[in-house]
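Those letters in the sequence shown? Residues 1 to 400, per the UniProt record's numbering, in order. Before any comments, here is the structure.
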Amino acid sequence: MTHPDFLWRDPDPKPSYDVVIVGGGGHGLATAYYLAANHGLTNVAVLEKGWLAGGNMARNTTIIRSNYLWDESAAIYEHSLKLWEGLSEELDYDLMFSQRGVLNLAHSLGDVREGRRRVNANRLNGVDAEWLDADEVRKFCPIVNVSSSARHPVLGATLQRRGGIAKHDHVAWALARKADAYGIDLIQGCEVTGFDIEGGRVRAVRTSRGRIAAGKVALASAGHTSVLAERAGIPLPLQSHPLQALVSELLEPVLDCVVMSNAVHVYVSQAHKGELVMGAGIDAYNSYGQRGAFHVIEAQMAAALELFPIFSRVRVLRTWAGIVDVSPDASPIIGRTPVEGLYVNAGWGTGGFKATPGSGWVYAHTIAHDEPHPLAVPFALERFTTGALIDEHGAAAVAH
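What follows is the structure, encoded as structure tokens:
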């Protein structure tokens, strides 16, 4: 039964499903929704060991963009951005999607060359992109410090006007509500502890709430995906790192775009409520801890003050960390695994939130047809054997 005040049911698991999705975050919920909406598959369960969207979906900094360098990356992120542009209407829920523009600052001649290269590559792929000089940066975002005497002077920036932010909780709630309306079971407090594999094919998942038979099993557990895959005998080329973020006290509206900088290593936006949302790079130490560390906080606050002296007296309200899964080429892994009927969607690193609808769309297609969606073909696990890597370390240099 669904309580009238609840957005979705809280069912007990059934003995079997056609598809079991492991992970109730943004990608898992989006995959479930598109399995039903696009492919008519509704005998589906989403298993979440904690509460829905309590992992990275609740811990990211909500930035959305598609201006990645390589053709393969630009294609899947642009597909996602186009889905974002109609998603509030499709899900009948205000996702607070705000296309306020994303600036990526250049502080050196190397940054300028890389930025202009990316703008040209984006335009060739039909992705909106502009190059701004320092004066144009000042006009677009007046509170950025563009002084020539700055330690890292701003020489210009790339701008994607269609980029922006959305409210992550609303995205999760909307996807969960729609998936539930299709009859998909969203099962919380259900940790997957192993898999039953017979004859090279997955037959069931073993969970903290009992065995659940499954025709197909789809992993979508971000930083814990490699742990789950190991239980199925599949070593994945992923490393998990904490990624920290922080928010300030509430302020009046002062920053109406997203600003990122690789050189001083910070990215800043202002959320709808008024708090500043800041993040930086991943902690180099491998960990599954969802907590912050002072050395990272200190560095990102110092970087923010270099770019925005106006924030010098703003107080930090809280800090936290998520767990990002990083592949060797900083690009995701989407597709089939050596175990028949077992699929993987992982390795999004710092780009998971912005990819939510696009990832769910192509992953659902891959599961439904047992054949990778054309946009997912380049991101197969086999590329680490063939050497056909998609190196996005540059476009993903700052965690955003």
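Glycine included, each C-beta is placed from N, C-alpha and C at the ideal position. Only a predicted model underlies this, so the values are computations on that prediction, with no experimental measurement involved.
- Contact between the stretch 226-241 and the stretch 257-276 is not established, with fewer than three Cβ pairs separated by less than 8 Å.
- Inter-segment contact for the stretch 133-140 and the stretch 54-61 is absent: fewer than three beta-carbon pairs are separated by less than 8 Å.
- Excluding its 5 nearest sequence neighbours in each direction, Ala-380 has C-beta neighbours in its own chain below 6 Å: Gly-335, listed in chain order.
- Taking C-beta atoms as the reference points, Ala-37 and Lys-14 fail to come closer than 9 Å.
- Classified as buried, Gly-25 has 16 or more neighbouring CB atoms from the shown chains inside 10 Å of its CB.
- Annotated three-state conformation of Pro-11 is coil, per DSSP.
- Gly-322 is classed as buried because its beta carbon has at least 16 other beta carbons within 10 Å across all chains shown.
- Residue pairing by DSSP places Ser-261 opposite Leu-105 and Val-266 in a beta bridge.
- Counting along the chain, His-241 sits inside the beta strand (DSSP E) bounded by residues 239-250.
- Here Ser-66 carries a coil assignment [DSSP, helix/strand/coil].
- Relative to the Cα of Thr-42, the nearest Cα in the group Ile-184, Arg-123 and Ile-64 belongs to Ile-184.
- For Gly-115, DSSP assigns no beta-bridge partner whatsoever.
- Restricting attention to alpha helix (DSSP H) runs no shorter than 4 residues, the UniProt domain "Rhodanese" (19-63) encloses them at 26-39, ordered along the chain.
- Scanning its chain for C-beta atoms nearer than 6 Å, with the 5 sequence neighbours on each side dropped, one finds around Gly-341 the residues Arg-201, Val-202 and Lys-216, in chain order.
- Arg-138 is bridged by DSSP to nothing; it lacks a bridge partner.
- Secondary structure note for Tyr-343: it is in no alpha helix (DSSP H), and the uninterrupted beta strand (DSSP E) holding it is 342-346.
- With respect to Leu-186, Glu-48 sits close: the two C-beta atoms are nearer than 9 Å.
- Exclusion of the five residues before and after Val-154 leaves Leu-105, Ala-134, Val-137 and Val-146 as the residues of its chain whose Cβ lies within less than 6 Å of its Cβ.
- Assigned with DSSP and collapsed to three states, Val-192 falls in strand.
- Going by beta carbons, Arg-100 and Gly-163 fall inside the 9 Å limit.
- Taking 9 Å as the cut-off, the beta carbon of Phe-308 is found no closer than this to the beta carbon of Thr-62.
- DSSP, reduced to helix, strand and coil, places Leu-95 outside both helices and strands of the structure shown, so it counts as coil.
- Counted as a single uninterrupted DSSP element, the stretch harbouring Gln-160 is not any alpha helix (DSSP H) but the beta strand (DSSP E) occupying residues 156-160.
- In the structure shown, Gly-335 adopts extended strand secondary structure according to DSSP, grouped into three states.
- The shortest C-alpha to C-alpha distance from Val-258 to any of Ala-181, Ala-304 and Gly-223 is the one to Ala-304.
- The beta-carbon distance between Asp-325 and Gly-347, rounded to whole angstroms, is 6 Å. This is short enough to meet the 8 Å contact definition.
- In this chain, the beta strand (DSSP E) harbouring Ile-282 covers 275-282.
- Counting only the Cα atoms, Pro-372 lies some 18 Å from Thr-385.
- Taking the Cβ atoms as the reference, Trp-361 lies roughly 7 Å from His-79, within the contact range of under 8 Å.
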